[in-house]
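Below: the structure, in structure tokens.
Number of protein chains: 2
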Amino acid sequence: MPKLGMQPIRRRQLIQATLEAIDELGLADATIARIAKRAGVSTGIISHYFNGKDGLLEATMRQVLADLGKAVQERRSALGDAPAKAHLHAIIDGNFDRSQTSRSVMKTWLAFWASSMHHAPLQRLQRVNDRRLYSNLSSQFRRVLPKRQARDAARGLAAMIDGLWLRGALAPEGLNVDRARQLAYDYVREQLEGGTQRHQPRASDYA
Amino acid sequence: MPKLGMQPIRRRQLIQATLEAIDELGLADATIARIAKRAGVSTGIISHYFNGKDGLLEATMRQVLADLGKAVQERRSALGDAPAKAHLHAIIDGNFDRSQTSRSVMKTWLAFWASSMHHAPLQRLQRVNDRRLYSNLSSQFRRVLPKRQARDAARGLAAMIDGLWLRGALAPEGLNVDRARQLAYDYVREQLEGGTQRHQPRASDYA
DNA sequence: TTTTATTGATTGACCGTTCAATAAAAAATA
DNA sequence: TATTTTTTATTGAACGGTCAATCAATAAAA
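Going down the list, the sequences are from chains A and B. Numbering follows my numbering, with no gaps: position 93 of the first sequence is 93. Positions in the second sequence are counted from 1; adding 1000 to them yields my numbering.
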């Protein structure tokens, strides 16, 4: 029953099937045969719509990345010029959105992280995401803190978010979202309030 | 020139070659043929000394894990009953030891993390390491903080360490060890000093 | 009739494992 | 000491299996 306009439908189906396959089998065992079977199509379709397996994997990572960006942006757009703290909490909440904390998505992220170290296209995608998070955090901290402190706070919070996330992905009991958010909130509060006794490195420390 | 006692020599060689291969090619392309070639032996040797590829990978992860444990323990053993802060700094320093922050080891860690999600033996190893870090941090914070705060501080610092580490591994410019250590130190200080205004969740928050 | 969608068998490459063969040291024997 | 025998170490070709990609064939709109 080939009609016109199958492309977006098939692409969605196959990306979803890829996420499921990586969740259940891992990236190494997520073969195009298994992905195609899960999507209910033949293997040839993958090459037809994605130019091979690499294209499918890249599109899948793009999808997860877009979902993350949307989860953050939706929460922030309602805030207007609310205080920095509100924006920082919104960024945290977005990063721990349901769409990003499901078992399958966390596993996929981890797989893509590892894979991106040896695959330039994935590395670029991953880098864009990294810098966006840092840049968002940094500009919010900058509204309240001097430049150097804002930078360190952003680096620290980014590490905290990724670390909570990583440990949640690895832990058999999964990620406790509420607890993770609270720890990140605590870090934000500590950064925003007590700024005076902080370590003040010289510029050469950052060579 | 086959003599006796080749086993420990070959095992060391092959584990080293595995680290190098994962660094250069990634886990997916680190085939036994390539690993064997890099070690200057034939492929058969791997099965002979490691019972196949899985055994070699497990042994490699064990090696990296043992190095990490040693890096931490060496720093702590000199401290005796020094203040909690000193022990926490030693744990941080151990986690950012030179043996753990080389490009090849960080890549290998990341690969093993991803792989451990679908490979029970690796998952067990990874879990032991995770719990050891948390347990070490927790017991030191416990010397100074009430139970719940100590637990949260340990969870937060563990996430911070892993997060700094992860972001260092992913960043093209690599990990800035001094900066990472300083951010972790700052977190320790904030946890140890300002304990009164902290968020106090009810037990149900931790369900 | 042309275009779009889809199949799935085929192909060629590569993977990990196995194992018979070989070599050299160590141990046993004369 | 000189010799066989046993043990340990090692090789690499062969094997069975799996993978991603290809492409001729087919089917149903347009």
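Beta carbons are placed, not taken as given, at the ideal position from N, Cα and C, and that holds for glycine.
Report the neighbours of residue i on chain B: residues whose CB is nearer than 9 Å to its CB, in chain order.
i	result
G26 (chain A)	A1114, S1115, M1117, H1118, H1119
Q126 (chain A)	L1170
Y187 (chain A)	G1156, M1160, Y1187, E1190
Name the chain B residues whose beta carbon is nearer than 7 Å to that of residue i?
i	result
K37 (chain A)	Ordered by position in chain B, no residue passes the 7 Å Cβ test against K37 (chain A), which lies about 18 Å from the chain.
A111 (chain A)	A1114
L164 (chain A)	A1159
Cutting at 7 Å between CB atoms, please list the residues of its own chain near residue i, excluding the five before and the five after it.
i	result
A207 (chain A)	Its pLDDT being 40, under 50, A207 (chain A) is placed unreliably in this model, and the value from its coordinates should be taken loosely. Closer than 7 Å at the Cβ level, and outside the excluded window around A207 (chain A), lies no residue.
V144 (chain A)	A84, L192
M1061 (chain B)	F1112, L1122, L1125
R1151 (chain B)	S1138
G55 (chain A)	none
Terminal residues of the continuous alpha helix (DSSP H) containing residue i?
i	result
H89 (chain A)	84-95
G80 (chain A)	Neither: G80 (chain A) is in no alpha helix (DSSP H) and is coded neither H nor E.
T1031 (chain B)	Taken as a continuous stretch (DSSP letters only), T1031 (chain B) belongs to no alpha helix (DSSP H), as it is neither H nor E.
H1118 (chain B)	Taken as a continuous stretch (DSSP letters only), H1118 (chain B) belongs to no alpha helix (DSSP H), as it is neither H nor E.
G174 (chain A)	No alpha helix (DSSP H) contains G174 (chain A), which DSSP labels as neither H nor E.
P1008 (chain B)	1006-1025
G1052 (chain B)	Premise fails: G1052 (chain B) is in no alpha helix (DSSP H) and is neither H nor E.
T1043 (chain B)	Taken as a continuous stretch (DSSP letters only), T1043 (chain B) belongs to no alpha helix (DSSP H), as it is neither H nor E.
S1099 (chain B)	1098-1101
So which residues of chain A does residue i contact, with C-beta pairs closer than 8 Å?
i	result
L1175 (chain B)	Going along chain A, no residue has its Cβ under 8 Å from L1175 (chain B), so there is no contact; the nearest lies around 11 Å.
D1093 (chain B)	Ordered by position in chain A, no residue passes the 8 Å Cβ test against D1093 (chain B), which lies about 16 Å from the chain.
Please go through the same chain and pick out, in chain order, the residues whose beta-carbon is closer than 6 Å to the beta-carbon of residue i, but skip the five residues on each side of it.
i	result
A1277 (chain B)	Past the boundaries of the shown model lies residue 1277 (chain B); chain B is included only from 1001 to 1207, so the question cannot be answered.
L1027 (chain B)	A1111
L164 (chain A)	A180
G94 (chain A)	A71, V72, R75
I1032 (chain B)	T1043, I1046, K1053
A1024 (chain B)	According to the sequence provided, residue 1024 (chain B) is Glu. The question's Ala does not apply to it. The answer is none, since no qualifying residue turns up.
A1154 (chain B)	Y1134, L1137, S1138, F1141
S204 (chain A)	Confidence at S204 (chain A) is low in this model, with a pLDDT of 45, below 50, so its placement is unreliable and the value that follows should be read with caution. Result list for S204 (chain A): empty, nothing under 6 Å.
Check the Cβ of residue i against every Cβ in chain A and list those closer than 9 Å, keeping chain order.
i	result
R1010 (chain B)	Here the premise fails: no neighbours, minimum Cβ distance about 26 Å.
K1107 (chain B)	A114, M117, H118
D1152 (chain B)	R179, Q182, L183, D186
D1130 (chain B)	R167, L170, A171
If I measure Cβ to Cβ from residue i and keep anything under 8 Å in the same chain, skipping five residues before and after, which residues do I get?
i	result
Y1185 (chain B)	H1089, I1092
G156 (chain A)	Y187, Q191
M117 (chain A)	Q123
M1106 (chain B)	Q1100, W1165, G1168, A1169, L1175
R1011 (chain B)	Y1049, F1050, A1059
R1020 (chain B)	It is worth fixing the name first, because residue 1020 (chain B) is Glu in this sequence and not Arg. Once the five neighbours on either side are set aside, the close Cβ partners of E1020 (chain B) are R1038, S1104.
Under 7 Å from any heavy atom of the ligand FMN, does the C-beta of residue i make it?
i	result
N1129 (chain B)	For the ligand FMN, the structure offers nothing, since it holds no ligand at all.
Which runs of the beta strand (DSSP E) fall wholly inside the segment 121-165 of chain A and span at least 3 residues, in chain order? Listed in chain order, nothing qualifies, since the segment 121-165 of chain A has no complete beta strand (DSSP E) run of 3 or more residues.
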